[in-house]
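The next block holds one structure in the form of structure tokens; read it before the comments.
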Amino acid sequence: MTLRLWSTAVLTLPLSVALAGLFAWTMPGGWHRSALLAMVLFFPLWIGIFCSVFALTTTRRAIIGLGVGNLAAFALLYAARALLA
Numbered sequence: 001m002t003l004r005l006w007s008t009a010v011l012t013l014p015l016s017v018a019l020a021g022l023f024a025w026t027m028p029g030g031w032h033r034s035a036l037l038a039m040v041l042f043f044p045l046w047i048g049i050f051c052s053v054f055a056l057t058t059t060r061r062a063i064i065g066l067g068v069g070n071l072a073a074f075a076l077l078y079a080a081r082a083l084l085a
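Residues in the sequence shown are numbered from 1 upward in steps of one, following full-length UniProt numbering.
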């Protein structure tokens, strides 16, 4: 349980940051107009992802799911920054 808690805490933070950043970059008007909304969105997103991880059956599945989610979220974030900058 300790491994699951720490890995979830470490892996959900960058995932929620990437998703909030992706939200900010893809909104009309650029990230300057939606940065505050993305910061407000960050905390509920982080808590939601954190709590949903504990619905999975195994720690291994949780870590793999969060790792793949992080890779996908950051890939989409960098693609959005490259296309919309």
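Idealized CB from N, CA, C, for every residue including glycine.
Remember, predicted model here, so these are calculated numbers, not experimental data.
Using a 10 Å radius around the Cβ and a threshold of 16 neighbouring Cβ atoms, would you call residue i buried or exposed?
| i | result |
| --- | --- |
| G21 | buried |
| L66 | buried |
| A38 | buried |
Less than 8 Å between the C-beta atoms of residue i and residue j, yes or no?
| i | j | result |
| --- | --- | --- |
| L36 | F23 | no |
Go through its chain and collect everything with a Cβ distance to residue i's Cβ below 6 Å, but skip five positions before and after it.
| i | result |
| --- | --- |
| A73 | L15, A18, L19 |
| W31 | A24, W25 |
Quick one: residues in its chain with C-beta nearer than 8 Å to the C-beta of residue i, no 5 flanking neighbours on either side, listed in chain order?
| i | result |
| --- | --- |
| S7 | T59, A62, I63, L66 |
Apart from the five residues just before and just after residue i, which ones in its own chain have a Cβ nearer than 7 Å to its Cβ?
| i | result |
| --- | --- |
| A80 | L22, W25, T26 |
Spell out a yes or no on whether the segment 45 to 63 and the segment 8 to 17 are touching, meaning 3 or more CB-CB pairs, one atom from each, closer than 8 Å. Touching, yes, given that three or more Cβ pairs across the two stretches are closer than 8 Å.
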